[in-house]
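S.K.: A single structure is presented below for examination.
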Amino acid sequence: AVLIVFVFVSYLATDMDHSFEITVTDTAAQALTPVEVAKGSRQKDNLVVVVSSGGGIKAAAWTTLALRDLIMTRPELADEIRLISTVSGGTVGAAYYLNELCHSPIDSPHFWNDKDEIEKMLNTVYDKSVTSSLSSVTFGFAFFDFWRLVSGGVLPFGETDRGSLLENEWGRIAGKPIEGKQTRECQKGTVLSFREDIRRGDLPAFIFNATVMESGRRVMITPINFERSNGPFQEIREDTLTEILLRDEMSVADTGVQNETDLDLWTAARLSAAFPYVTPAAQAKLRSDGATPGLELKEPWQRFHFIDGGYYDNFGVTSALDWLEPVLKSRIEDPDLAFKKVIIIQLRASPKTPRTCYQVADGAQAALVGPVMGLLNIRNGVALSRNEIELDRFIESWNKRFELEDKPVHISTVVFEPRSDIDPQTCQPRVSAAQAETEIKRREDPLSWHLTQKQISDLAEIWEKEKTVISSDPSLTGQYELSAIFQ
Numbered sequence: 224a225v226l227i228v229f230v231f232v233s234y235l236a237t238d239m240d241h242s243f244e245i246t247v248t249d250t251a252a253q254a255l256t257p258v259e260v261a262k263g264s265r266q267k268d269n270l271v272v273v274v275s276s277g278g279g280i281k282a283a284a285w286t287t288l289a290l291r292d293l294i295m296t297r298p299e300l301a302d303e304i305r306l307i308s309t310v311s312g313g314t315v316g317a318a319y320y321l322n323e324l325c326h327s328p329i330d331s332p333h334f335w336n337d338k339d340e341i342e343k344m345l346n347t348v349y350d351k352s353v354t355s356s357l358s359s360v361t362f363g364f365a366f367f368d369f370w371r372l373v374s375g376g377v378l379p380f381g382e383t384d385r386g387s388l389l390e391n392e393w394g395r396i397a398g399k400p401i402e403g404k405q406t407r408e409c410q411k412g413t414v415l416s417f418r419e420d421i422r423r424g425d426l427p428a429f430i431f432n433a434t435v436m437e438s439g440r441r442v443m444i445t446p447i448n449f450e451r452s453n454g455p456f457q458e459i460r461e462d463t464l465t466e467i468l469l470r471d472e473m474s475v476a477d478t479g480v481q482n483e484t485d486l487d488l489w490t491a492a493r494l495s496a497a498f499p500y501v502t503p504a505a506q507a508k509l510r511s512d513g514a515t516p517g518l519e520l521k522e523p524w525q526r527f528h529f530i531d532g533g534y535y536d537n538f539g540v541t542s543a544l545d546w547l548e549p550v551l552k553s554r555i556e557d558p559d560l561a562f563k564k565v566i567i568i569q570l571r572a573s574p575k576t577p578r579t580c581y582q583v584a585d586g587a588q589a590a591l592v593g594p595v596m597g598l599l600n601i602r603n604g605v606a607l608s609r610n611e612i613e614l615d616r617f618i619e620s621w622n623k624r625f626e627l628e629d630k631p632v633h634i635s636t637v638v639f640e641p642r643s644d645i646d647p648q649t650c651q652p653r654v655s656a657a658q659a660e661t662e663i664k665r666r667e668d669p670l671s672w673h674l675t676q677k678q679i680s681d682l683a684e685i686w687e688k689e690k691t692v693i694s695s696d697p698s699l700t701g702q703y704e705l706s707a708i709f710q
């Protein structure tokens, strides 16, 4: 009790907190709208949005494994994908993909005609995504955060923590850019530096989803500028990081941003993938070499803490719909938008549990930790059902609207997820004859930042032989070729 009181008092006295670095720049002339992102595609018939779920290193690997297989099957998909909206582990996988694309000759037509080069690049992305980074977290806790905790923030000196070490490790694995060696703007490695390559259509846009700890609201970390509502209902979507931190530094006309926040790509990934206790909640801090004169982050909303995006939406769907809404509205009137199919590819790292197949808590658990269990289970319970309901309504309403407008546009979604090993009738694990003979039990589902070699091979086998493909299009049922989705 004495230690707890000491830690609490010391934290108050030292005002110790975890932080992440941002820069503030004036980039109003470079604003990138959702419609500009959509127009960047050289493949005019299909507009593809990829959403990827959370789930630690398994989700990162599932994301890159899926992208590798889908793009190798249909190389033009790399250009058709105009947005990637991700959460937590899915964000880390997407960041590896974006980083590798940025450092590849993607603006050369010869590159996309060379299947060997494409496969080599995608294999590199996958290999990086399955590389363990857990040691940086354990090292950071043992040598920095533990002593910071027991000393109430007095020791150790400096601001290094397990969060900053984790993002540095991801950057090391990815191959951080060498200063002065950049040949493309995106190789600067910050979120906003990807903007021009996205506008040209060389890279997909991205939204890394995080959550504001104090409000529980979603925040989008993205190079995209969204139009601000002037109607009676201001909250037509959630905020971007800039809109939260610099709300008094922005103009009110359209996307007329006066100042914008920018941060390292891997810092953005860390904020989206801030697992409870694995990575600390963090608040923004101005970099000393990128500070805007006279600007201080001292308002209450500028001191908010950011945590894992999975608290709000563990599947990345909601932000994707925020992006699609203005794009679909423009498709009705804008002749430069000519896509005929909109396909939302959902990459879920874990199978959906049948709604009646959950382990029943005993009376003691319900009495002591019931509310906490309920809050934790909302992440995959309410979020998934809410997304499926909203997405179904979104697709149905827009398909009807395009039909009324006599526009040849059709929207659909397809889900790629591991096949559930739970029988919905018995709520017991399915065990095949082959599994029984070899004594294979239910596979482990890691949520940390480390995969064993067995788990890596299991994941590849699941994708190859045991994934479930579900489409909203009633004409597509069961197993089918990827080409059928685009017909």
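Quick note, the numbering used here runs 223 ahead of the 1-based positions in the sequence shown. Cβ coordinates follow ideal geometry from the N, Cα and C atoms, glycine included. Predicted model only: the values in this text are computed from it and were never measured.
#1: Identify every run of the beta strand (DSSP E) within the region 312-378, keeping only runs that are complete inside it and at least 3 residues long; order them along the chain.
#2: Report the residue from Glu619, Ile601 and Ser352 whose alpha carbon sits nearest the alpha carbon of threonine 314.
#3: Could you say which of Thr354, Leu290 and Leu357 lies nearest to glutamate 213 if we only look at CA atoms?
#4: Figure out for me which residue from Phe617, Asp249, Leu494 and Thr675 has the closest Cα to the Cα of valine 565.
#5: Span of the beta strand (DSSP E) holding valine 414?
#6: My output table needs one value for glutamine 588: the three-state DSSP class, helix, strand or coil.
#7: At the level of alpha carbons, what is the spacing between glutamine 525 and isoleucine 708?
#8: Is the Cβ-Cβ distance between aspartate 545 and arginine 460 less than 8 Å?
#9: Once DSSP output is grouped into helix, strand and coil, what is the label at aspartate 249?
#10: CA-CA distance, aspartate 487 and histidine 528?
#11: Hey, could you find the ends of the beta strand (DSSP E) leucine 270 is sitting in?
#12: Under three-state DSSP, which class holds phenylalanine 617?
#13: My parser needs the alpha helix (DSSP H) runs of 4 or more residues fully inside the region 496-552; what are they?
#14: List the DSSP bridge partners of arginine 441.
#15: Evaluate phenylalanine 625 with the Cβ neighbour count: other Cβ atoms within 10 Å of its Cβ, from every protein chain shown; 16 or more gives buried, anything less gives exposed.
#16: Which same chain residues, not among the five before or five after isoleucine 679, have their C-beta less than 6 Å away from its C-beta?
#17: Evaluate asparagine 269 with the Cβ neighbour count: other Cβ atoms within 10 Å of its Cβ, from every protein chain shown; 16 or more gives buried, anything less gives exposed.
#18: Please report how far the alpha carbon of tryptophan 348 lies from the alpha carbon of phenylalanine 562, in whole angstroms.
#19: Look at the alpha carbon of alanine 657 and the alpha carbon of alanine 284, and state the distance between them as a whole number of angstroms.
#20: Which residue's Cα is closest to the Cα of glutamate 173: Pro549, Thr413, Ala365 and Glu382?
#21: Can you check which of these residues, Cys580, Ile634, Ala584 and Leu518, is closest to valine 247 by C-alpha distance?
#22: Where glutamate 732 and threonine 576 are concerned, what is the direct C-alpha to C-alpha distance, given to the nearest angstrom?
#23: Expressed to the nearest angstrom, what Euclidean distance is found between the alpha-carbon atoms of alanine 491 and threonine 465?
#24: State buried or exposed for tyrosine 320, treating a residue as buried only when at least 16 other CB atoms are found within 10 Å of its CB.
#25: What is the DSSP secondary structure of serine 695, reduced to helix, strand or coil?
#26: Closest to asparagine 610 by CA distance: which of Asn537, Met436 and Ile530 is it?
#27: Looking at the structure shown, is threonine 383 part of a helix, part of a strand, or coil, going by DSSP?
#28: Touch check for the region 299-317 and the region 583-597: three-plus C-beta pairs under 8 Å?
#29: Considering just the uninterrupted stretch of the beta strand (DSSP E) at lysine 564, what are its terminal residues?
#30: Can you list, in chain order, the residues of its chain whose CB lies under 8 Å from that of isoleucine 693, leaving out five sequence neighbours each side?
#31: Report yes if the C-beta distance between valine 245 and leucine 509 is below 8 Å; otherwise report no.
#32: If I follow the unbroken beta strand (DSSP E) through aspartate 485, where does it start and stop?
#33: Would you list the residues sitting across from serine 242 in a DSSP beta bridge?
#34: By DSSP, does threonine 309 sit in helix, in strand, or in coil?
#35: Looking only at DSSP bridge pairs, what is proline 641 linked to?
M.R.: Well, looking at it:
#1: If we require 3 residues or more, the region 312-378 turns out to have no beta strand (DSSP E) run fully inside it.
#2: As a first step, residue 314 is located in the sequence shown; it is residue number 91 there, counting from the start. Residue Ser352 is the option with its Cα nearest to threonine 314.
#3: Beyond the ends of the chain as shown, which are 224 and 710, falls residue 213; an answer cannot be given.
#4: Position 342 of the sequence shown holds residue 565. The shortest Cα separation from valine 565 among Phe617, Asp249, Leu494 and Thr675 belongs to Phe617.
#5: By one-based count along the sequence shown, residue 414 stands at place 191. Note, valine 414: premise wrong, no beta strand (DSSP E); not H, not E.
#6: In the sequence shown, residue 588 corresponds to position 365, counting from 1. Three-state result, glutamine 588: helix.
#7: Taking the sequence shown and counting its residues from 1, the one referred to as residue 525 is at position 302. Taking the sequence shown and counting its residues from 1, the one referred to as residue 708 is at position 485. Computed Cα separation, rounded: 44 Å.
#8: Numbered from its first residue, the sequence shown carries residue 545 at position 322. Numbered from its first residue, the sequence shown carries residue 460 at position 237. Their beta carbons are under 8 Å apart, which means aspartate 545 touches arginine 460 by this criterion.
#9: The residue you call residue 249 lines up with position 26 of the sequence shown. Coil at aspartate 249, not helix or strand.
#10: As a first step, residue 487 is located in the sequence shown; it is residue number 264 there, counting from the start. As a first step, residue 528 is located in the sequence shown; it is residue number 305 there, counting from the start. The alpha-carbon of aspartate 487 is positioned some 17 Å away from that of histidine 528.
#11: Indexing the sequence shown from 1 puts residue 270 at position 47. If you look at leucine 270, you'll find it in the beta strand (DSSP E) that goes 269-275.
#12: Position 394 of the sequence shown, counting from 1, holds the residue named residue 617. Residue state, collapsed to three classes: helix.
#13: For the region 496-552, not a single whole alpha helix (DSSP H) run of length 4 or above is found.
#14: Translated into positions along the sequence shown, residue 441 becomes position 218. Thr434.
#15: Counting from 1 along the sequence shown, the entry for residue 625 is found at position 402. Buried, by the Cβ-count rule.
#16: Counting from 1 along the sequence shown, the entry for residue 679 is found at position 456. The beta carbon of isoleucine 679 sits closer than 6 Å to the beta carbons of Val353 from its chain, once the five residues preceding and following it are set aside; these are given in chain order.
#17: Looking up residue 269 in the sequence shown gives position 46. Only buried fits asparagine 269, as 16 or more other CB atoms lie within 10 angstroms of its CB.
#18: If you number the sequence shown from 1, residue 348 lands on position 125. If you number the sequence shown from 1, residue 562 lands on position 339. Residue 348 is actually valine in this sequence, not tryptophan. Each residue's Cα considered, the two are about 29 Å apart.
#19: Taking the first residue of the sequence shown as position 1, residue 657 is located at position 434. Taking the first residue of the sequence shown as position 1, residue 284 is located at position 61. For alanine 657, the predicted model reports a pLDDT of 46, less than 50, meaning its position is unreliable and no value from the coordinates is stated.
#20: Past the boundaries of the shown model lies residue 173; the chain is included only from 224 to 710, so the question cannot be answered.
#21: The residue you call residue 247 lines up with position 24 of the sequence shown. Comparing Cα-Cα distances from valine 247 to each of Cys580, Ile634, Ala584 and Leu518, the minimum goes to Leu518.
#22: Nothing can be reported for residue 732, as the shown portion of the chain is limited to 224 through 710.
#23: Taking the first residue of the sequence shown as position 1, residue 491 is located at position 268. Taking the first residue of the sequence shown as position 1, residue 465 is located at position 242. Using only the alpha carbons, I get a separation of about 13 Å.
#24: Against the sequence shown, residue 320 aligns to sequence position 97. The residue in question, tyrosine 320, is buried, as its Cβ has 16 or more Cβ neighbours within 10 Å.
#25: Stepping through the sequence shown from its first residue, residue 695 is reached at position 472. Note: serine 695 maps to coil in three-state DSSP.
#26: Along the sequence shown, one-based indexing puts residue 610 at 387. Cα-wise, what sits closest to asparagine 610 is Asn537.
#27: Sequence index remark: in the sequence shown, residue 383 carries index 160 (1-based). Note: threonine 383 maps to coil in three-state DSSP.
#28: The region 299-317 makes no contact with the region 583-597, as fewer than three CB pairs between them are under 8 Å.
#29: Position 341 of the sequence shown, counting from 1, holds the residue named residue 564. Residues 564-570.
#30: In the sequence shown, counting from the first residue as 1, residue 693 sits at position 470. Excluding positions up to five away in sequence, the list reads Val637, Val638 and Glu640.
#31: Locating residue 245 in the sequence shown gives position 22, where the first residue counts as 1. Locating residue 509 in the sequence shown gives position 286, where the first residue counts as 1. The identity of residue 245 in the sequence shown is isoleucine, whereas the question assumes valine. For isoleucine 245 and leucine 509, yes; Cβs fall inside 8 Å.
#32: Counting from 1 along the sequence shown, the entry for residue 485 is found at position 262. For aspartate 485, the uninterrupted beta strand (DSSP E) run begins and ends at 483-485, by DSSP.
#33: For the purposes of this step, residue 242 is identified with residue 19 of the sequence shown, where counting begins at 1. For serine 242, DSSP records a beta bridge to Gln506.
#34: The residue you call residue 309 lines up with position 86 of the sequence shown. Strand at threonine 309.
#35: Translated into positions along the sequence shown, residue 641 becomes position 418. Lys690, per the DSSP bridge assignment.
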